[in-house]
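In UniProt numbering, the protein residues as written are 1 to 747. All residues carry an ideal CB built from backbone N, CA and C; glycine is no exception.
Spelled out as C-alpha cells, the structure:
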C-alpha cells in the first residue's frame, strides 16, 4: 500500500489555499512574534488543560494511506465540554476579521478535532479559533461544535483535494528510490581529485555534518557535489537538496549535471528558481488579483498545474515553468515556489536561503532538517551575507513621509526618527561609528512599522507610494537585523543622513542557518586563505575540511610577473608601460585574451592606449544584461583573435568556460584591493582586536579572491595551454605570492 506523511496544516493549506500570493508584509520578526503570541495564550491555560498535544491518524483510501499528523495548540475544558483551540496571530484589526476569513485555519482546527475525537472515541467536540491582534494583543475567539461525522466530512474534503497531488508525489518518490541504487557516475571516469571530493560530500551527507572544500577549477565541482548528494538520498535520511548559487551560469551548470544523471536513469525532479522581476509575465510586477490575471484565481488552478507539470516533466527550468504557467494561466514565480515542495533538487540564488527579506517561507525548520545544502562558489557568500545582514535608515526618506501618508501618527513617528538619526552625529563628522542607538529610537521604529503596516494593507497598488513602501520595508529589515545584533555588528552614521547597522562578520547568522539543514557543503576553487573563509562562514573545529590540488600541471601555464605599480597614485604614470606589457602578451601568444582590471575607470585608461595596438578589442560594459553577456563571449571563437577588457569581480571573471583555443591568455592588472571606507576600516579594527591581521581580512583577502577567480578562467581542461600575466609589484611580495596556487607560480 502506498503511504505518505503530511501535517494537518499542510493538508488544510493545500485544500483551501496554499498561503497568500502576496506575502510582502510577512517578516522573520513577524514569525517570531507569532510564536511569542502562541506561548502567551498557552500560559493562560488552566493546569488541567493541555498544550502542544501531538495527534496523528492513518487515513486509509483505496489508492493510498495518508499519515496525517500535527500538534494541537490546546485541548481546553469549558462548561460546554472539551475544546480544541487553534491560535493564530493577525495584523488585521478586530473589525476586519470575519469568522470565515481564513478557511484554512478552520480546516487545520477541524483536522486536530477529528483526530482527537477518533483517539478518544468522542461523538463530537468544540472547535475554537483564537486570533490575537499583533499590535493591541486583543483576542478574538470563534467557537463551533461539530459532530465526529461532520469533522470526518471536513477531513474527507481536504484529503480528496490533496489526493491527486499526493499520488503524484508518491509515484515520484517510489521511482526515485528505485532508480538511485542503479545510478552510476555519469562520466566514463573520475578526474584527478574528483572521486575524493565526491566521497567527502557523500560522507558529509550521510553523517549530517558540514564540509568546507577547496576544489580547484577543472575538477568538476558541480557534478561532484550533486552526484554524491543524490546518492546519499538512498538511505532516506533526507529528501531534498538545495543547490545555492550566485550566478546564472552556475545555475545552468547545475541543470546540466542533473540532466546527465537523468540520462543515466535517475528519476529526479529539479526546479530552478528565477527572480520574480525576471520571470514575471507582466510589464509591471503587481502580485494582486485586481492587476494580474495570472494571480487572479491562482488557487483555483494551481493544483491541476502542479500535477500536470510533475507528471510530464522532470527538469523544471525557467523555460519549462513559463510554458506550463501560460498553459494554466498562473503566476510563474509563485508556481516555481510551490514546486519546491515536490522537487528533489532546488536550484536557486543564495538569497532564498540566507536573506531574511526574501528567504523562502516554505523552507521551514521541518523542511530544512530533511534537506541538504550545497553552496557553490562559496567565496561569494561572505560579502553577500554582509549585505544581507546589514540594514540602513535614511533621515531624508523619513523627512518626506509626513506629506505622503494620511496617518498623522505615522507621519509624526517618521519625523521623530529623522531627527533621531541626525542627532546621532557629533559636530563636523561625516562618518562615525556609534556604539548604541537610544532605546526610544528603536521603539519609534517599531511603532512606525506597525502603524504604517496597518494602513498600507488597505491601499490598492496604485495608491501605495513607492517611497513609503521602501521606507516601510527598510525599517522592517532594520528591526529584523536588530534581533540578530551581537558583537559582530556595529552602527555607522554617514553624512548626518544615514544610520547603518553593519554586519562586520556574518559567521553567527550564517551558522544559524546552516545548522537548520541536515548537512551542508561549502565549496569553491578559491577558498584562499582557507581559514579565513571557514571562519567567516561559521565553520567549527568539528566540521570536515578538504583541500585538493589542481588537476592541471605547471606545464600548461606560462606565468609572467610584471612588477609595475598599479596603485591609484601611480596609474597615470605607469599606464603606457602596462599597455605595452599587455600588447607584448598578445604578440607573443597569438589568439584570444582576457584582461582584467580593478575598476572601469582604470580599464578605460588602459583602453585609451590599447586603441593604438591595431587589434580587435571588446570591452565589458556597465550593467550588461544576459543577452549582451552572451554576445560578448560568443566573439571568442577558436579562429578569432579577440582582446577582451573586463573588470575583476565582474560577470566575466567567474563561471566563464572558454576552453581550448577560445582563450589563449589572461592578464590580471592590480591586486583588486577594495577602496578604503569606514566599513572596511571597521572590519580592519574588528579583526585586529581579535588578534587577526585586520588589514588582510578587510582588504587583501577579498581582493585576492577576485584575482584568483579571474586567473582561473585560463585553464579549464587537461588540454588547455596558455599564458597568465600578473601586473603589479605587490605580486612579488610573500603575502600575495603565498595566496597564489602552486601551478601559477613561476617555473
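Among the options, which residue has its Cα nearest to the Cα of residue i?
i	options	result
residue 417	427, 406 and 402	402
residue 684	75, 488, 477 and 469	488
residue 109	524, 141 and 284	141
residue 659	556, 54 and 236	556
residue 133	640, 740, 93 and 148	93
residue 354	648, 385 and 59	385
residue 71	48, 79, 49 and 111	111
residue 533	380, 320 and 606	380
residue 76	572, 101, 66 and 41	41
residue 649	406, 702 and 542	702
residue 757	152, 139, 89 and 87	Residue coverage of the chain in this structure runs from 1 to 747, which leaves residue 757 outside it and unanswerable.
residue 179	269, 452 and 412	269
residue 147	183, 604, 209 and 122	122
residue 74	68, 87 and 514	87
residue 615	526, 494, 586 and 323	586
residue 638	320, 564, 720 and 689	720
residue 415	243, 398 and 427	398
Between the alpha carbons of residue i and residue j, how many angstroms are there, rounded?
i	j	result
residue 125	residue 107	15 Å
residue 707	residue 376	18 Å
residue 312	residue 266	15 Å
residue 408	residue 382	42 Å
residue 287	residue 295	6 Å
residue 496	residue 429	8 Å
residue 535	residue 518	20 Å
residue 694	residue 540	21 Å
residue 160	residue 327	24 Å
residue 309	residue 325	9 Å
residue 197	residue 212	11 Å
residue 588	residue 730	24 Å
residue 640	residue 629	18 Å
residue 97	residue 370	36 Å
residue 55	residue 10	15 Å
residue 2	residue 697	55 Å
residue 492	residue 356	21 Å
residue 264	residue 186	6 Å
residue 733	residue 199	37 Å
residue 189	residue 227	14 Å
residue 368	residue 516	6 Å
residue 450	residue 412	14 Å
Taking the DSSP output, what are the residues bridged to residue i?
i	result
residue 522	212 and 375
residue 349	245
residue 6	68
residue 51	74
residue 644	594 and 618
residue 636	Residue 636 is not bridged to any residue.
residue 433	492
residue 141	130
residue 498	394 and 494
residue 60	65
residue 736	Partner(s): none; residue 736 has no beta bridge.
residue 116	For residue 116, which the question treats as bridged, DSSP gives no partner whatsoever.
residue 557	722
residue 547	214
Going by DSSP in three states, residue i sits in which element: helix, strand or coil?
i	result
residue 258	helix
residue 480	helix
residue 270	strand
residue 86	strand
residue 474	helix
residue 410	helix
residue 218	coil
residue 389	coil
residue 671	coil
residue 340	coil
Query raised in the report: Are the segment 547-566 and the segment 705-716 touching, with three or more C-beta to C-beta distances below 8 Å?
Result: Yes, the segment 547-566 is in contact with the segment 705-716.
Requested in this report: Indicate whether the contact test is met: 3 or more Cβ pairs, each with one atom in the segment 262-278 and one in the segment 324-344, closer than 8 Å.
Outcome: Between the segment 262-278 and the segment 324-344, the count of C-beta pairs closer than 8 Å reaches three or more; the two stretches touch.
Query - Stretch pair the segment 719-732 + the segment 663-674: three plus CB contacts closer than 8 Å - result: At 8 Å Cβ cutoff, the stretches touch.
Requested in this report: Mind the definition here: the segment 465-481 touches the segment 390-402 only if three or more C-beta pairs lie below 8 Å; say whether that holds.
Outcome: With a cut-off of 8 Å, the segment 390-402 and the segment 465-481 count as touching, because enough Cβ pairs lie within range.
Query raised in the report: Do the segment 232-251 and the segment 172-181 make contact, defined as three or more Cβ pairs closer than 8 Å?
Result: Contact between the segment 232-251 and the segment 172-181 is established, with three or more Cβ pairs separated by less than 8 Å.
Query raised in the report: Any chance the segment 434-448 sits against the segment 474-484, with 3 or more Cβ pairs inside 8 Å?
Result: Under the Cβ criterion (8 Å, minimum of three pairs), the segment 434-448 counts as touching the segment 474-484.
Query raised in the report: Per the contact definition of three or more C-beta pairs closer than 8 Å, is the segment 246-259 in contact with the segment 361-369?
Result: No: the two stretches stay apart, fewer than three of their Cβ pairs being nearer than 8 Å.
Report task. May I ask you to verify whether the segment 580-594 touches the segment 618-627, counting CB pairs closer than 8 Å and requiring at least 3? Result -> In short, these stretches do not touch, since the Cβ pair count stays below three.
Requested in this report: May I ask you to verify whether the segment 565-579 touches the segment 597-611, counting CB pairs closer than 8 Å and requiring at least 3?
Outcome: Judged by Cβ distances under 8 Å, the segment 565-579 makes contact with the segment 597-611, as three or more pairs qualify.
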